[in-house]
Structure formats: C-alpha cells, structure tokens
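J.: This is the structure, below, for whatever I ask next.
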Amino acid sequence: MTKSKAGRKGQEFSLEFRQQALLRAATEGVTTVARDLGLQPAQLYSWRAQARRHDQDDQAQRLELAEHARLKREVARLEEENAFLKKAAAYFDLAPDLRTPI
Numbered sequence: 011m012t013k014s015k016a017g018r019k020g021q022e023f024s025l026e027f028r029q030q031a032l033l034r035a036a037t038e039g040v041t042t043v044a045r046d047l048g049l050q051p052a053q054l055y056s057w058r059a060q061a062r063r064h065d066q067d068d069q070a071q072r073l074e075l076a077e078h079a080r081l082k083r084e085v086a087r088l089e090e091e092n093a094f095l096k097k098a099a100a101y102f103d104l105a106p107d108l109r110t111p112i
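Using this note's numbering, the letters of the sequence shown correspond one by one to residues 11 to 112.
Next up, the structure:
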C-alpha cells in the first residue's frame, strides 16, 4: 500500500490504500493497523463510515432501479389489459343484444 501524496496535514490517500487499510483493520484491528500505517484510528473509522454510506447509497439506487423496472412492467401489463377491454367493449357494442329474450 502506498500513499498517493506525502505531507503531514491534509494528506490524501488513494482509494486502493484506504480499501486495503480497511480490510486489514477488519482482521487485525483498527488500532494495530493505524499504528502500522502511521494514522490516527479516527481516520480509519471515518473511512469505514464513508464506505458504509457509499454502500448504502448504492443499495438504495439498486432498489430504486428495481422498483422503476417493476412499475414499467406493471404499466405495460395494464396497457395491454386496457387495449383488450377496449376491443371487447367495441365487440359487444357491435354484437346484437344477447340479453333480450327470443
């Protein structure tokens, strides 16, 4: 894992570095990994919170897309049903009245 920019304050780390650090922290512990990488544990906790928010945003977007697809299918089904009912209504309007006694 390499740091993308050097410097003490406002140091930025690559996405890969952060992901690897979080993977290590999950198995080795936040304090140990932070000490090994020269970071504050709070930085790892912050990265973990950001990753979780990002995952939740992705999941919400997937759910929204699934709901959109379901609604499109429902609209298509209802349009087909409506077209069928219009044809049936037109057919029965043209047919002789079957309810009158012979």
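Heads up, the beta-carbon is just placed ideally off N, CA and C, and yes, glycines get one too.
Using a threshold of 8 angstroms, state whether the C-beta atoms of ALA79 and LEU32 are closer than that.
T.: On the sequence shown, residue 79 is found 69 positions in, with the first residue counted as 1. On the sequence shown, residue 32 is found 22 positions in, with the first residue counted as 1. No, Cβ-Cβ distance for ALA79 and LEU32 is not below 8 angstroms.
J.: In or out: VAL85 buried (at least 16 other Cβ within 10 Å) or exposed?
T.: What you label residue 85 is simply residue 75 of the sequence shown in a count that begins at 1. Under this definition VAL85 is an exposed residue.
J.: Beta-carbon within less than 8 angstroms of LEU54's beta-carbon, same chain only, minus the 5 sequence neighbours each way: which residues are those?
T.: Translated into positions along the sequence shown, residue 54 becomes position 44. Here the set comprises ALA31, LEU32, ALA35, VAL40, VAL43 and ALA44.
J.: Alpha carbon to alpha carbon, how far is GLU90 from ARG28?
T.: Working through the sequence shown from its first residue, we reach residue 90 at position 80. Working through the sequence shown from its first residue, we reach residue 28 at position 18. Straight-line Cα distance between these residues: approximately 51 angstroms.
J.: Going along the chain, which unbroken runs of the alpha helix (DSSP H) with 4 or more residues stay wholly within the stretch 29-72?
T.: DSSP runs (the alpha helix (DSSP H)) wholly in the stretch 29-72: 40-47.
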